[in-house]
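Numbering (our numbering), first residue to last: 201 to 467.
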């Protein structure tokens, strides 16, 4: 069989140079797959945990939002953590759980979607994206049993279906398509309780963004690990919308006005 010499890798068979649509499979074929070593029994130090994220449908797509606080035990570790990320042009992912691992998972997920598009010349289907994220979460199951869980939310605009869709996950990689809204994290219960009484079908984008901020504020009032907007220091939630036109991040200037109005209207 013919072969080429790979930089630092020795002779590579030509058949092995055929690109695969999975970035992780490509790394495995080169012996470069990232490996997280399972704990040998030594107790972990307390690591920053990312908390409450929410997502909901509105008339033209979906909105996703997350507070900015990360905690380590009973200590506030960070006040400006980003929890909502663009997965690609038409989808977004939000993280809760062990912050460091979750951020690395998001980066790998972004790379997977970009790699697939470059190799196949088309985007992975929305269902395919949700399934792949579930597989990645399942791959972290050993760490979940050691208290280092990752529980994301995934949402986006399904071009084929012509509507916004959203998925929630559990720590073992189970994925569940949600109707109307979803929330996860330590303040997820309070956020969902608020949305249960406030959500309406057919919301406008502006109303949905405000409702997402209100849900995070309601969670912050009951859950100390969730940070509400800090008007004095200019700390506002991360909020994105995804429609047929793609993903758009709401700027802090717009969120400042919304957060101020929300805080002023709280009893």
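By construction, the Cβ of each residue, glycine as well, lies at the ideal position given by its N, Cα and C atoms.
Here the structure is a predicted model, which means the values were calculated and not measured.
Leaving aside the five residues before and after residue i along the sequence, list all residues of the same chain whose C-beta is less than 7 angstroms from its C-beta, in chain order.
i: residue 242; result: Note that residue 242 scores 48 on pLDDT, short of 50, meaning its location in the model is unreliable; the coordinates nonetheless yield the value given after this. Cβ neighbours of residue 242 beyond the five flanking positions: none.
i: residue 289; result: 446, 447
i: residue 396; result: none
i: residue 431; result: 459, 460, 463
With which residues is residue i paired in a DSSP beta bridge?
i: residue 253; result: 266, 384
i: residue 439; result: 265
i: residue 365; result: 356
i: residue 376; result: 368
i: residue 271; result: 249, 276
i: residue 258; result: 261
Which residues bound the alpha helix (DSSP H) around residue i?
i: residue 465; result: 452-465
i: residue 422; result: 405-422
i: residue 341; result: 341-344
i: residue 327; result: 326-338
What number of angstroms, rounded off, separates the C-alpha of residue i from the C-alpha of residue j?
i: residue 425; j: residue 456; result: 21 angstroms
i: residue 438; j: residue 280; result: 10 angstroms
i: residue 284; j: residue 402; result: 23 angstroms
i: residue 417; j: residue 390; result: 10 angstroms
i: residue 244; j: residue 363; result: Any answer about residue 244 is weak, because its pLDDT of 48 lies below 50 and its placement is not dependable; what the coordinates show is given next. Each residue's alpha carbon lies about 43 angstroms from the other.
i: residue 277; j: residue 268; result: 11 angstroms
i: residue 420; j: residue 319; result: 43 angstroms
i: residue 260; j: residue 266; result: 20 angstroms
i: residue 374; j: residue 368; result: 8 angstroms
i: residue 299; j: residue 325; result: 27 angstroms
i: residue 427; j: residue 394; result: 16 angstroms
i: residue 274; j: residue 313; result: 36 angstroms
First and last residue of the beta strand (DSSP E) that includes residue i?
i: residue 319; result: First-last for residue 319: 299-320, but that is the alpha helix (DSSP H), not the beta strand (DSSP E).
i: residue 285; result: 284-288
i: residue 293; result: 291-294
i: residue 349; result: Note, residue 349: premise wrong, no beta strand (DSSP E); not H, not E.
i: residue 281; result: Careful: residue 281 lies outside any beta strand (DSSP E) and carries neither H nor E.
i: residue 446; result: 446-449
Kindly list the residues whose CB is nearer than 8 angstroms to the CB of residue i, restricted to its own chain and excluding five residues on each side of it in sequence; keep chain order.
i: residue 310; result: 285, 286, 287, 288
i: residue 465; result: none
Quick one: what's got a C-beta closer than 6 angstroms to residue i's C-beta in the same chain, skipping five residues either side?
i: residue 327; result: none
- Query: Any chance the stretch 252-268 sits against the stretch 360-380, with 3 or more Cβ pairs inside 8 angstroms?
  - Reply: yes
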